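The structure appears below as structure tokens.
Numbering (the working numbering), first residue to last: 12 to 548.
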């Protein structure tokens, strides 16, 4: 197989190196051009500062004495420099000496922003100004010089980069690309399984190319050995098939094949054990695969999906009449075809009952408050949303009660955190005793609790429940032998759907009602009463 030149490695390598070098040179040229250009401008400004510094004392004397001859000599000396287009010395007493082009070519006055001013101080009184020197730099000449120096530097950089790039291309082509091309041609002409081997290229015995040739020859040796052993391996396949059969029969996971009608056509003993634990001695020939599971519809969809696409997996619960002996299986579904090209579904089942129970415990720990065993805030918000949706579907009136304990902080500070924890645990237990099993009790945070009840259609029932909660909460709590105290509670109540249908709104309204209770003396309850301001919001 011949490789076209425009596809060759040498051409593409050279092009990429050239492109990379060109981009790098372009960026460096731009950077150094600006750098050198600005340095030249700064150097010109520095030269002007040095010129003024040289004649500053003479100029100060001339301005102090109003000596025009000395002033002219100073100004003429400044104007004689190439980088100065015009100069002027002006004293505070009115003397003014101008030399050079102070007017532009079109007759307009010089732009004041382009004129540099240097203050002159009295040679005898340093705090007294005697005048100033004005210089108009020859910006055009300065910029031309800066451009020239910058261009020379950039051209030098470009020439250096070009030469270095060409050298790199030649080195890569001679030391890497050309040997690889030769090696590819030799390898292409070598037949697998033959005794042909790649010759060592001159000058590459000790480098990476030589290592590649040696490794390739070793690979060719291995291929030859592999082909020679193929006949022996064919005989070995028969014994392997017997071993696979043994694995199939002794596997701890259940394995079965399901046909298009959902019947089990083949299964191993582990699968039969799973099946017999559900249907007893019923023949598997009359049992459909989906009947083994709790969710028959889901399993049917998984079988259909496996036929239409590729492998699927799902955790499934086995059908079991006993709730306390439920088993979970991780099921893998893969499409396979038999010798008659009939599509079957391979089902592999792993018993994950212990893992499922462990995950359920972890999930419960994540949803429960570790101290009170009530629902925590994160789980509570989700349950409240579900409860509101259920109330909407069943057209129920419900109440959301935000409960903040009174006197909890003094007890916590006086008796310690252990006593505070015991208060929270006792209050949680009392609220669960005061409410029905279907009511929600949530530890909202700190010493705040949230209760959600659906008492029916009578608002009076809400007041009865709130008063019952207060009665349970305010009972004395014994922290230790002979040591007891009590807490109160401020309860704010919002009603669904009277006060809204959004959880955040109901919580906010219950919070407002609760703070009204605190303002009125605490240890009571208050149903939210919308004000004109609240309605406007």
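Built from N, CA and C at the ideal position, the CB exists for glycine as well. Predicted model only: the values in this text are computed from it and were never measured.
Segment limits, beta strand (DSSP E) that includes residue i
i           : result
residue 201 : It is not in any beta strand (DSSP E) - residue 201 carries neither H nor E in the DSSP assignment.
residue 511 : Looking at the DSSP string, residue 511 is not in any beta strand (DSSP E), and its letter there is neither H nor E.
residue 535 : Where residue 535 is concerned, there is no enclosing beta strand (DSSP E), given that its DSSP letter is neither H nor E.
residue 91  : Premise fails: residue 91 is in no beta strand (DSSP E) and is neither H nor E.
residue 565 : No answer is possible for residue 565: it lies beyond the span of the chain, which begins at 12 and ends at 548.
residue 327 : 323-328
residue 382 : Element bounds for residue 382: n/a, residue is neither H nor E.
residue 350 : Segment: none, residue 350 is in no beta strand (DSSP E) and carries neither H nor E.
residue 459 : 459-467
residue 114 : Looking at the DSSP string, residue 114 is not in any beta strand (DSSP E), and its letter there is neither H nor E.
residue 268 : 265-269
residue 496 : 494-496
Residue range of the unbroken alpha helix (DSSP H) whose run includes residue i
i           : result
residue 421 : 419-426
residue 308 : 307-319
residue 393 : 388-405
residue 174 : 150-183
residue 276 : Where residue 276 is concerned, there is no enclosing alpha helix (DSSP H), although the beta strand (DSSP E) it sits in stretches over 275-278.
residue 230 : 219-239
residue 471 : 470-484
Buried/exposed call for residue i, threshold 16 Cβ in 10 Å
i           : result
residue 211 : exposed
residue 377 : exposed
residue 322 : exposed
residue 7   : This structure gives no information on residue 7, because the portion of the chain shown stretches from 12 to 548.
residue 230 : exposed
residue 181 : exposed
residue 494 : exposed
residue 537 : buried
residue 279 : buried
residue 120 : exposed
residue 467 : exposed
residue 507 : buried
residue 383 : buried
residue 237 : exposed
residue 170 : exposed
residue 520 : buried
residue 386 : buried
residue 487 : exposed
residue 340 : buried
residue 275 : buried
residue 480 : buried
residue 255 : exposed
residue 190 : buried
residue 75  : buried
Proximity test, residue i beta-carbon vs the ligand GTP heavy atom, cut-off 7 Å
i          : result
residue 81 : Looking for the ligand GTP in the displayed structure turns up nothing, as the structure carries no ligands at all.
Cα-Cα separation, residue i to residue j
i           : j           : result
residue 272 : residue 298 : 11 Å
residue 128 : residue 183 : 60 Å
residue 26  : residue 187 : 15 Å
residue 459 : residue 450 : 17 Å
residue 344 : residue 286 : 17 Å
residue 153 : residue 192 : 55 Å
residue 48  : residue 54  : 10 Å
residue 72  : residue 101 : 12 Å
residue 325 : residue 350 : 28 Å
residue 206 : residue 364 : 59 Å
residue 70  : residue 164 : 39 Å
residue 125 : residue 150 : 9 Å
residue 145 : residue 62  : 12 Å
residue 58  : residue 67  : 14 Å
residue 410 : residue 370 : 33 Å
residue 28  : residue 155 : 35 Å
residue 175 : residue 224 : 30 Å
residue 177 : residue 32  : 10 Å
residue 372 : residue 390 : 15 Å
residue 162 : residue 22  : 32 Å
For residue i, the residue or residues it bridges with in DSSP
i           : result
residue 197 : Answer is none; residue 197 lacks a bridge partner.
residue 143 : 101 and 130
residue 612 : The structure shown does not extend to residue 612, since the chain is modelled only from 12 to 548, so the question has no answer here.
residue 122 : Looking at the DSSP assignment, residue 122 forms no beta bridge with any residue, so it has no partner.
residue 456 : 459
residue 109 : 99
residue 415 : 459 and 501
Minimum Cβ-Cβ distance from residue i to chain D less than 8 Å
i           : result
residue 201 : Chain labels in this structure do not include chain D; a single protein chain is all it has.
- Query: Per the contact definition of three or more C-beta pairs closer than 8 Å, is the stretch 487-501 in contact with the stretch 402-421?
  - Reply: Three or more beta-carbon pairs drawn from the stretch 402-421 and the stretch 487-501 are found closer than 8 Å, and the two stretches are therefore classed as touching.
- Is it a yes or a no for the stretch 35-43 touching the stretch 107-116, going by three-plus beta-carbon pairs under 8 Å? No: fewer than three Cβ pairs fall under 8 Å.
- Message: When you compare the stretch 387-405 with the stretch 510-521, are there three or more beta-carbon pairs, one atom per stretch, that lie closer than 8 Å?
- Response: They touch, by the three-pair rule.
- Check whether the stretch 358-370 touches the stretch 426-434, taking contact to mean three or more Cβ pairs, one atom from each stretch, closer than 8 Å. They do not touch, by the three-pair rule.
- Message: Quick test of the definition: if touching needs 3 or more C-beta pairs under 8 Å, does the stretch 439-453 touch the stretch 461-478?
- Response: Yes, since at least three Cβ pairs between the stretch 439-453 and the stretch 461-478 fall closer than 8 Å, the two stretches touch.
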